[in-house]
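Numbering (the numbering used here), first residue to last: 2 to 330.
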Ligand code: SF4
C-alpha cells in the first residue's frame, strides 16, 4: 500500500541531493538520554569550529562534489552570542555563493528565542536575512510529554517545536520533520507524533518530507536498548507513507538505516534517500557503521539497482537535470 502511495505521488523518481553535513559545535547545555553527540564545555571530545574552519569545509565539499546544500546543526551552546550564528550564515554564503543553508532544529531556534529574549519570529527573520534557506526537521524526537520528559527533559517541548515550524512556514521557510523511534515509545506515541505533524501540515503546507530516524543506542545513556530491527525500520517508513498523506516525500536516511536497507526501503514508500552527507557526526558517535560518504555516483547506482529513477534535487525539491547515466535499468 505504501508503495502505491509513493508511486502515485512521485512515480518511479527517487530523489537525492549533493550536500554536506556540518556540526558547528557539540557543546550543549543539556544532556538528552538518547544523545551520544553532546559534550559540556571543556569536556573530552567537545569541539567548536570557527567560522573560517566551517567555510573551509564548505569550500572543500563544493570543490569535491559540487554540493548545493549545507545541512548545519549543533548543540545548545551556552555562551555563543546570537550574532555568532548570523555571522556563520553570512560567512558560509560568501564562501560558496548560491549554496542553500538548511540549518538549525526547532529546538535550537526555540533555545535562541529563550536565551536571547526574542520571539520565534524575530529569531527566524534575522537568520533568514543572514542566509537561512530552510530547516532540516530535527529535534522533534517523540512529541508526547510522557516520552519527551523521560528522554529529553531539558529541551523544548512539542508545542514549542511545532510553533517554530508554524512560524517558519509563515515566513516562507520550508522545513522537514523527523521522528526518533525505537526506544521507550509505544505505537500510540508514534501515532500521536505523526498526527500532530499531519495537523500542522493541513494548516500550513510547509513541510517537505517526513524522516523517521532509528534510535542508535551506543554511547548514550540508553545503551541497554537494542537497535530497532530492519523489519521495524521498513514498517515505520511504510506506515509514515500511508498515514502522512499530506506530505509529498518520505526520506530514508541512509546513515541511520545503513545503505542496503535504505535501498530496500525504496519498495516500502520511500522516494528520497538524502544526500552525499560527508562528515556526519551525530549517528557515527552513536555507533552507526554506514560509510563516511556516498558520492552522487554511489547514490545513483544504489537507486538504479533498486529499479528506480535517480533524480538529483535541490533542497526545495526542484528537479535538477538528470545526468546522462541516470536512467533506470
Ligand atoms: S540531542 Fe541536541 S539538545 Fe539534546 S543533548 Fe544532544 S545536542 Fe544537546
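For glycine and all other residues, C-beta sits at the position ideal for the given N, C-alpha and C. Just so you know, these numbers come straight off a predicted model, no measurement behind them.
Identity of the residue in the options nearest residue i by Cα
i, options, result
"residue 200", "178, 147 and 156", "178"
"residue 267", "297, 310, 192 and 244", "310"
"residue 174", "45, 126 and 256", "126"
"residue 194", "219, 239, 77 and 245", "245"
"residue 16", "271, 278 and 292", "271"
"residue 32", "159, 232, 155 and 148", "155"
"residue 27", "186, 45 and 320", "45"
"residue 186", "226, 298 and 176", "226"
"residue 82", "114, 219 and 148", "114"
"residue 40", "230, 61 and 79", "79"
"residue 243", "228, 229, 262 and 269", "269"
"residue 228", "218, 237 and 235", "218"
"residue 131", "85, 153 and 192", "85"
"residue 180", "29, 273 and 159", "159"
"residue 321", "190, 68 and 286", "68"
"residue 95", "52, 119 and 118", "52"
"residue 168", "29, 99, 207 and 223", "207"
"residue 273", "64, 238 and 118", "238"
"residue 153", "298, 29, 128 and 314", "29"
"residue 149", "99, 191 and 61", "191"
Assigned exposure category for residue i - 16 Cβ within 10 Å defines buried
i, result
"residue 9", "exposed"
"residue 252", "buried"
"residue 121", "buried"
"residue 258", "buried"
"residue 2", "exposed"
"residue 275", "buried"
"residue 188", "exposed"
"residue 138", "buried"
"residue 24", "buried"
"residue 7", "buried"
"residue 325", "Here residue 325 scores only 43 on pLDDT, less than 50, and its place in the model should not be relied on; the value that follows carries that caveat. Its Cβ having fewer than 16 others within 10 Å, residue 325 is exposed."
"residue 1", "Because residue 1 is not part of the residues shown, which for the chain are 2 to 330, the question remains open."
"residue 264", "buried"
"residue 330", "A caution first: residue 330 carries a pLDDT of 32, below 50, which makes its placement in the model unreliable, though a value can still be read off. Residue 330 comes out exposed."
"residue 14", "buried"
"residue 312", "buried"
"residue 319", "exposed"
"residue 5", "exposed"
"residue 220", "exposed"
"residue 328", "In this predicted model, residue 328 has a pLDDT of only 35, less than 50, meaning its place in the structure is not dependable enough to derive any value."
"residue 12", "exposed"
"residue 232", "exposed"
"residue 374", "With the chain represented from 2 up to 330, any question about residue 374 goes unanswered, as that position is not in the structure."
"residue 57", "exposed"
Residue i beta carbon near the ligand SF4 (any heavy atom closer than 7 Å)
i, result
"residue 208", "no"
"residue 237", "no"
"residue 192", "no"
"residue 214", "no"
"residue 125", "no"
"residue 269", "no"
"residue 77", "yes"
"residue 39", "yes"
"residue 29", "yes"
"residue 104", "no"
"residue 156", "yes"
"residue 80", "no"
"residue 221", "no"
"residue 316", "no"
"residue 32", "yes"
"residue 108", "yes"
Rounded Cβ spacing between residue i and residue j (contact assumed at less than 8 Å)
i, j, result
"residue 110", "residue 124", "6 Å"
"residue 300", "residue 277", "7 Å"
"residue 203", "residue 247", "6 Å"
"residue 205", "residue 170", "4 Å"
"residue 19", "residue 66", "5 Å"
"residue 216", "residue 183", "4 Å"
"residue 198", "residue 260", "The Cβ separation is near 27 Å, so there is no contact."
"residue 77", "residue 112", "5 Å"
"residue 108", "residue 43", "The Cβ separation is near 23 Å, so there is no contact."
"residue 21", "residue 279", "4 Å"
"residue 234", "residue 262", "6 Å"
Proximity test, Cβ basis, 8 Å: residue i and chain B
i, result
"residue 317", "Note that chain B does not occur in the displayed structure, where there is just one protein chain."
How about the region 87 to 98 and the region 141 to 151: do they share at least three Cβ pairs that are nearer than 8 Å?
Contact fails: fewer than three Cβ-Cβ distances are below 8 Å.
Stretch pair the region 160 to 168 + the region 211 to 219: three plus CB contacts closer than 8 Å:
At 8 Å Cβ cutoff, the stretches do not touch.
With a cut-off of 8 Å, do at least 3 Cβ pairs link the region 103 to 111 to the region 64 to 79?
Contact between the region 103 to 111 and the region 64 to 79 is present, because at least three Cβ pairs lie under 8 Å.
Three Cβ pairs or more, each shorter than 8 Å: is that satisfied between the region 35 to 54 and the region 293 to 310?
Short answer: they don't touch.
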